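To start, the structure itself, in structure tokens.
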Amino acid sequence: MSTGQSQALKSLAERDAKAQLQLTTLEGWRDFVTDAPSPPPLLAEHEYRALTDTRQALDDEDRIDHHARTQVVATPTIRHIVTCGRRQVLMNRNERGARRGLLVSGPAGTGKSIAITQLGLSHELVDRARHPGVTDRIPTLYVTVPPAATARMIAAEFARFLGLPVRTRLNMTDIIEAVVGVLIDARCSLVLVDEVHNISLATRNGAEVSDTLKYFSERIPATFVYAGLDLDQKGLLEGTRGAQIAGRFTLIRTAPFPLGADWSSLVATLEDTLLLRRHQSGSLRRLDGWLHAHTGGMIGALSHAIRGAAIDAILTGTEKITKAGIEAIPLDFAAESDRHQKRVKVNRA
Numbered sequence: 001m002s003t004g005q006s007q008a009l010k011s012l013a014e015r016d017a018k019a020q021l022q023l024t025t026l027e028g029w030r031d032f033v034t035d036a037p038s039p040p041p042l043l044a045e046h047e048y049r050a051l052t053d054t055r056q057a058l059d060d061e062d063r064i065d066h067h068a069r070t071q072v073v074a075t076p077t078i079r080h081i082v083t084c085g086r087r088q089v090l091m092n093r094n095e096r097g098a099r100r101g102l103l104v105s106g107p108a109g110t111g112k113s114i115a116i117t118q119l120g121l122s123h124e125l126v127d128r129a130r131h132p133g134v135t136d137r138i139p140t141l142y143v144t145v146p147p148a149a150t151a152r153m154i155a156a157e158f159a160r161f162l163g164l165p166v167r168t169r170l171n172m173t174d175i176i177e178a179v180v181g182v183l184i185d186a187r188c189s190l191v192l193v194d195e196v197h198n199i200s201l202a203t204r205n206g207a208e209v210s211d212t213l214k215y216f217s218e219r220i221p222a223t224f225v226y227a228g229l230d231l232d233q234k235g236l237l238e239g240t241r242g243a244q245i246a247g248r249f250t251l252i253r254t255a256p257f258p259l260g261a262d263w264s265s266l267v268a269t270l271e272d273t274l275l276l277r278r279h280q281s282g283s284l285r286r287l288d289g290w291l292h293a294h295t296g297g298m299i300g301a302l303s304h305a306i307r308g309a310a311i312d313a314i315l316t317g318t319e320k321i322t323k324a325g326i327e328a329i330p331l332d333f334a335a336e337s338d339r340h341q342k343r344v345k346v347n348r349a
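Note that this note's numbering gives residue 310 to position 310 of the sequence shown, counting from 1, and the numbers run on in steps of one.
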């Protein structure tokens, strides 16, 4: 095996190891903040054909890895959430009492998780610029609420992010005090809590999870941002606990894209990220209306369809995306249901 092949295989192994990192751990979050890989070069047809079979396979793998990554597009919704979040962090900076937060709510596939992680990324980069060379700060914490969560489980998620041991003999107070102590010392100023729809205030466990998050927000001098599916319709803002959340959180709704200039710009931006040798530039732009109907205006479904079709194009050697290639990519259930409902309406009309 040549030196070049060994280095390429080592790079693939390192890539696989990094893929195992999770945003819900400090190591994974820091890798997310610093990981900004440049896209591999797109070789001309004759350059690709001149490669050995091994090098061709490695070139294909590099491009597949590129397309497998979620391409983040600064949509108006993402920009709005990042702006509102940064503003709220600044307004809370000197707040000694109850700090206000953000509640990001909307249907599946409308970019909620991407938006709040981009907020966290922006916040982290600003903090690092303000404190260059400082390594003991943890400006941002990101956790998700597990299904059927209990108060201990959510406290353990905070501890897991920080790498703190959660032993069976530790009670809730021990875990919470350890988490709060570390986050205060590390100057944490933004806490992102995703999948909040897993909290049901109608159950005892759900109510206790809500109380635990509220207690964390009172002890940790940080801005809290919640995100989840249709939170304003799930009972999260009802009752006494819901009223407390509603009184302290600004609600930002996400929604499917309407067909228009923003959607066309989104399609164009995603098309510009393609690394396919025979793809005709602008062909996806001309399909923007069909793509909107196909995906229901869902940014998640659009990204999934285009990236999936690009990977298929590399695997099959066609090296271009077609309408048929996109149709061959199964969409998520929400997008498929939306498309089915639209067909039914058309047939009834």
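Note that the Cβ used here is the ideal one computed from N, Cα and C, for glycine as well. Predicted model only: the values in this text are computed from it and were never measured.
Report the option in the options whose CA atom is closest to the CA atom of residue i.
i	options	result
Arg100	Ser113, Gly111, Glu177, Cys84	Cys84
His66	Arg93, Leu231, Leu42, Leu284	Leu42
Pro258	Tyr215, Lys323, His294	His294
Ile176	Lys214, Arg86, Ala243	Lys214
Gln244	Ser283, Arg169, Ala98	Ala98
Asp232	His197, Arg219, Thr240	His197
Ser189	Thr269, Gly228, Met91, Asp272	Met91
Arg307	Trp290, Thr269, Arg286, Gly289	Thr269
Ile314	Phe216, Ile252, Asp62	Asp62
Thr75	Ile220, Arg187, Asp262	Asp262
Ile78	Phe216, Arg219, Ala227, Glu27	Ala227
Arg187	His80, Arg219, Thr70, Thr273	Arg219
Who are the near neighbours of residue i in its chain, counting only those whose CB is closer than 8 Å to its CB and skipping five residues on each side?
i	result
Tyr48	Gln56, Asp59, Arg277
Glu238	Leu201
Val82	Ala115, Gln118, Leu119, Ser122
Asn347	Annotation note: pLDDT 49 at Asn347 (below 50); position unreliable, coordinate value reported separately. Closer than 8 Å at Cβ, skipping near neighbours: no residue.
Glu382	Residue 382 lies beyond the stretch modelled for the chain, which goes from 1 to 349, so this question has no answer here.
Ile311	Ile64, His67, Ala68
Ala207	Leu201, Arg241
Asp230	Ser105, Gly106, Pro107, His197
Ala246	Leu237
Arg93	Ser189
Thr25	Arg160, Phe161, Gly163
Within the same chain, show all residues whose beta-carbon is closer than 6 Å to that of residue i, passing over the 5 residues directly before and after it, in chain order.
i	result
Thr250	Leu102
Glu45	Arg277
Glu124	Val33, Pro139, Thr140
Leu331	Ala301
Arg152	Met172
Glu271	Leu284
Glu319	Leu276, Arg277, Arg278, Ala313
Leu274	Ala310
Applying the criterion that 16 or more other CB atoms from any shown protein chain within 10 Å of the CB defines a buried residue, is residue i buried or exposed?
i	result
Val225	buried
Asp127	buried
Pro256	buried
Leu292	With the sequence shown as reference, residue 292 is identified as His, and Leu is not the correct amino acid for it. By the neighbour-count rule (16 or more Cβ atoms within 10 Å), His292 is buried.
Asp136	exposed
Gln88	buried
Ala155	buried
Ala305	buried
Asp194	buried
Thr350	Because the chain in this structure spans residues 1 to 349, residue 350 falls outside the shown range and cannot be described.
Arg96	exposed
Ser38	exposed
Thr212	buried
His279	buried
Val344	Residue placement at Val344 cannot be trusted, given a pLDDT of 49 that sits under 50; what the coordinates show is reported in the next sentence. Exposed.
Gly163	exposed
Ala159	buried
Glu289	Here residue 289 turns out to be Gly, not Glu, going by the sequence shown. Exposed, because fewer than 16 other Cβ atoms sit within 10 Å of the Cβ of Gly289.
Val145	buried
Thr223	buried
Ser113	buried
Ala148	exposed
Ser303	buried
Val191	buried
Ser281	exposed
Pro168	It should be pointed out that residue 168 corresponds to Thr in this sequence rather than to Pro. Answer is exposed; the Cβ neighbour count stays below 16.
Thr254	buried
Val134	exposed
If you drop the 5 nearest sequence neighbours on each side, which residues of the same chain put their C-beta closer than 7 Å to that of residue i?
i	result
Ala309	Ile321, Gly325, Ile326, Ile329
Validate contact between the region 179-196 and the region 138-149 using beta carbons, cut 8 Å, 3 pairs: yes
Length-filtered (4 minimum) alpha helix (DSSP H) runs lying within the region 157-218: 172-185
At least 3 beta-carbon pairs within less than 8 Å: the region 109-123 vs the region 287-306: yes
Inside the region 65-126 only - alpha helix (DSSP H) runs reaching at least 4 residues: 76-92
Segments of 4+ residues assigned as alpha helix (DSSP H) that fall wholly inside the region 234-262: 239-248
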